[in-house]
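Under full-length UniProt numbering, the first residue of the sequence shown is numbered 1, with each subsequent residue one higher. Beneath this line is the structure, given in structure tokens, with notes to follow.
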Amino acid sequence: MPAADLITSPQNPRIKNLLRLQQKSAERREQDLTIIEGHRELTIAHQAGVVVQTLFVCSELAGAAHLRELEAMFATGPEWVAVSKAVFEKVAYREGSDGVLALVRPPRRRLQDLQLPANPLLLVLEAVEKPGNLGAILRTADAARADAVIICDPRTDLYNPNAIRASIGCSFTVPTVATTRAELLDWCQQHGIRTYAAALTDHARPYTEFDFRGPTAFVMGTEADGLTPELREACSATIIIPMRGAIDSLNVSTATAILTFEAVRQRQ
């Protein structure tokens with residue numbers, strides 16, 4: 001590990017700034033930074049081309065093997081900051097942390113930046129507010145090789161540290177865009193993308209009745225409120241996952257995974 005003075009006080013200004021970045025989306029926007037914690041998450045982000053600005057490392061928690069891997073990955077580029085175990089445990093936001101935390105500049109994309117294949121598979125989330133759900137859906141998107149995740153009118157920061165943690169770094173492997181409902185609908189129409197609203201309505205049909213081999217966007221709402229009527233009614237079709245038990249719906253990340261892998265199955 002490159003030589004550096006050891007930070008041993010949680011009152012250190014750099015540690016205080018880390019905590020502000022963790023806790024406040026306004027700070028992340030103002031500084032144009034977010035936080036990745038964990039060796040696996042950081043490795044995935046690095047392989048996806050994310051540029052690391054600063055590494056905060058606790059040698060005692062990281063261990064010799066992980067330190068060697070970090071030194072190989074980041075021999076040049078980021079600043080290294082050594083912190084004590086007590087200080088690292090103060091800033092860590094996950095249990096059993098492995099002693100590495102990075103400050104990175106998150107990607108900023110617009111709809112027009114997306115490079116789409118002939119038959120894109122897109123996941124659209126309206127007003128997502130739970131970082132854990134966003135992270136889980138990004139993992140699904142990565143596993144299925146979806147072409148993008150698009151967030152309409154988001155209520156959470158796309159690169160919230162908890163979303164990055166829940167995605168295990170897939171926040172950086174899948175092109176992700178924040179936009180408005182109107183911009184999304186206009187863009188989908190321009191690109192000939194059929195939009196499938198997942199919603200429990202009288203005219204919704206089971207997802208197994210549809211052909212998802214063409215340009216497809218699954219449009220998912222929040223768990224609390226579902227899709228807004230305006231977005232649901234503007235979609236090409238409304239689909240449901242038939243429920244056979246007492247409940248009438250699934251967790252949004254689970255429902256998204258079912259629909260996404262049905263499209264993958266059909267395309268194979």
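Note that the Cβ used here is the ideal one computed from N, Cα and C, for glycine as well.
Drop a sphere of 10 angstroms on the beta-carbon of aspartate 202, count the other beta-carbons inside from all chains shown, and report buried for 16 or more, exposed for fewer. The Cβ neighbour count for aspartate 202, taken over all protein chains shown within 10 Å, is under 16; the residue is labelled exposed.
With respect to the beta strand (DSSP E) encompassing phenylalanine 218, which residues constitute its N-terminal and C-terminal limits? Secondary structure note for phenylalanine 218: its beta strand (DSSP E) is the uninterrupted segment 216 to 220.
Out of Asn160, Arg267, Phe212 and Ala237, which one is the CA nearest neighbour of proline 107? Of the residues Asn160, Arg267, Phe212 and Ala237, the one whose Cα lies closest to the Cα of proline 107 is Asn160.
Out of curiosity, what's the CA-to-CA distance linking alanine 136 and arginine 232? So the alpha carbons of these two residues sit roughly 23 Å apart.
Under three-state DSSP, which class holds proline 131? Residue state, collapsed to three classes: helix.
Suppose only complete runs of 4+ residues qualify. What are the alpha helix (DSSP H) ranges in the segment 14 to 76, listed by chain order? Taken in chain order, the unbroken stretches of alpha helix (DSSP H) that lie wholly in the segment 14 to 76 and span 4 residues or more are 25 to 31, 39 to 47 and 59 to 73.
Would you mind listing the beta strand (DSSP E) stretches within the segment 168 to 230 that are 3+ residues and don't spill past its ends, in chain order? If we require 3 residues or more, the beta strand (DSSP E) runs fully inside the segment 168 to 230 come out as 176 to 179, 194 to 198 and 216 to 220.
Using a 10 Å radius around the Cβ and a threshold of 16 neighbouring Cβ atoms, would you call isoleucine 36 buried or exposed? Buried, because 16 or more other Cβ atoms sit within 10 Å of the Cβ of isoleucine 36.
When burial is assigned at 16 or more other CB atoms within 10 Å of the CB, is glycine 49 buried or exposed? When all chains shown are included, glycine 49 counts as exposed.
DSSP three-state call for isoleucine 241: helix, strand or coil? For isoleucine 241, the three-state secondary structure derived from DSSP is coil.
Using a Cβ-Cβ cut-off of 7 Å (strictly less than) and excluding sequence neighbours within five positions of threonine 8, which residues of its own chain qualify? For threonine 8, the CB contacts under 7 Å within the same chain, skipping 5 residues up- and downstream, are Ser84 and Val87 in chain order.
Could you give the first and the last residue of the continuous alpha helix (DSSP H) run that contains alanine 263? First-last of the alpha helix (DSSP H) with alanine 263: 252 to 267.
If serine 97 sits next to leucine 70, beta carbons under 8 Å apart, how far is it from one beta carbon to the other, in whole angstroms? Beta-carbon to beta-carbon, serine 97 and leucine 70 are separated by about 14 Å, too far to satisfy the 8 Å threshold.
If you draw a straight line from the alpha carbon of serine 59 to that of arginine 68, how long is it in whole angstroms? Cα to Cα, serine 59 sits roughly 11 Å from arginine 68.
Let's see if you can read the secondary structure: which residues bound the alpha helix (DSSP H) around glutamate 89? For glutamate 89, the enclosing alpha helix (DSSP H) covers residues 85 to 91.
Report the CB separation of isoleucine 239 from alanine 178 in whole angstroms; it is logged as a contact under 8 Å. The C-beta distance from isoleucine 239 to alanine 178 rounds to 24 Å, too long to fall under 8 Å, and the pair is not in contact.
Indicate the three-state DSSP secondary structure (helix, strand or coil) for threonine 102 in the structure shown. This sequence places alanine at residue 102; threonine is not what is there. The answer is strand: DSSP assigns alanine 102 an E or B state.
Could you tell me the distance, in whole angstroms, from the CA atom of tyrosine 196 to the CA atom of alanine 263? For tyrosine 196 and alanine 263, the distance between alpha carbons rounds to 12 Å.
Does the segment 114 to 122 come within contact of the segment 37 to 44, defined as at least 3 CB pairs closer than 8 Å? Verdict: no, contact absent.
Between the C-alpha atoms of leucine 103 and leucine 259, what's the straight-line distance to the nearest angstrom? Approximately 34 Å, taken between the alpha carbons.
Taking threonine 256 as the reference, give the member of Leu33, Phe218 and Arg213 with the closest Cα. Residue Phe218 is the option with its Cα nearest to threonine 256.
Would you mind stating whether valine 57 and valine 100 have Cβ atoms separated by less than 7 Å? A distance below 7 Å separates the beta carbons of valine 57 and valine 100.
For leucine 21 versus glutamate 27, is the C-beta distance shorter than 7 Å? It is a contact, given that the beta carbons lie within the stated cut-off.
Taking C-beta to C-beta, are valine 174 and leucine 116 nearer than 7 Å? Leucine 116 sits away from valine 174, with the two beta carbons spaced by 7 Å or more.
Is it true that the CB of glutamine 268 sits closer than 7 Å to the CB of arginine 213? Glutamine 268 is positioned such that its CB atom lies no closer than 7 Å to that of arginine 213.
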